[in-house]
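In the working numbering, the protein residues as written are 128 to 285.
Below you'll find the structure, written out as structure tokens, and then a few comments.
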């Protein structure tokens, strides 16, 4: 029997996926209406509105299925309940780059990662390099633009 892999995520990420799912489910009846209206126009082989509506329906159903799968496998983790001196999922980490400029990241799940917002996936190159490290550790990460070096300055569970 296949085991279902849990997807760790923060409550914020879980809520965001749930909101997307609700929006898409609300769009379903609108798509059905658009298909019915396009079907009333006659010849379906040359009916662009019909084909566009059917394509959108397929996209929405696939996305709903994907979101339901992610939510069913979600393992919501509250970082405020965590502690310790090692970097783990949910930790907020302040790093010093090669120029001693501080950069701050929170280790999150794949579904909620957004590097621009300072949220990196635990499975990203940097996320994998940081897991298990402690304050004072040096971290080397290979990224497409070359190797980057960081010093772990602070670990918080907020």
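Built from N, CA and C at the ideal position, the CB exists for glycine as well.
Predicted model, so just to flag it, every value in this text is computed and none were measured.
Is residue j closer than 8 Å to residue i when the C-beta atoms are compared?
i	j	result
residue 218	residue 284	yes
residue 276	residue 249	no
residue 148	residue 214	no
residue 176	residue 165	yes
residue 282	residue 268	no
In the DSSP assignment, what are the bridge partners of residue i?
i	result
residue 250	In DSSP, residue 250 forms no bridge with anything.
Among residues of its own chain, excluding the 5 on either side of residue i, which ones have a beta-carbon nearer than 6 Å to its beta-carbon?
i	result
residue 265	278
Go ahead and pull the three-state DSSP assignment for residue i.
i	result
residue 265	strand
residue 273	strand
residue 278	strand
residue 132	coil
Leaving out five residues on either side along the sequence, give the residues of the same chain with a beta carbon under 7 Å from the beta carbon of residue i.
i	result
residue 145	198
residue 131	200
Can you list, in chain order, the residues of its chain whose CB lies under 8 Å from that of residue i, leaving out five sequence neighbours each side?
i	result
residue 158	180, 183, 184, 187
residue 229	221, 222, 223, 280
residue 246	232, 233, 235, 239, 240
residue 205	137, 138, 217
Completely contained alpha helix (DSSP H) runs for the region 168 to 239, where each covers 4 or more residues: The region 168 to 239 contains these whole alpha helix (DSSP H) runs: 175 to 199.
Beta strand (DSSP E) runs wholly inside the region 134 to 167, at least 3 long, in chain order: Listed in chain order, they are 134 to 136.
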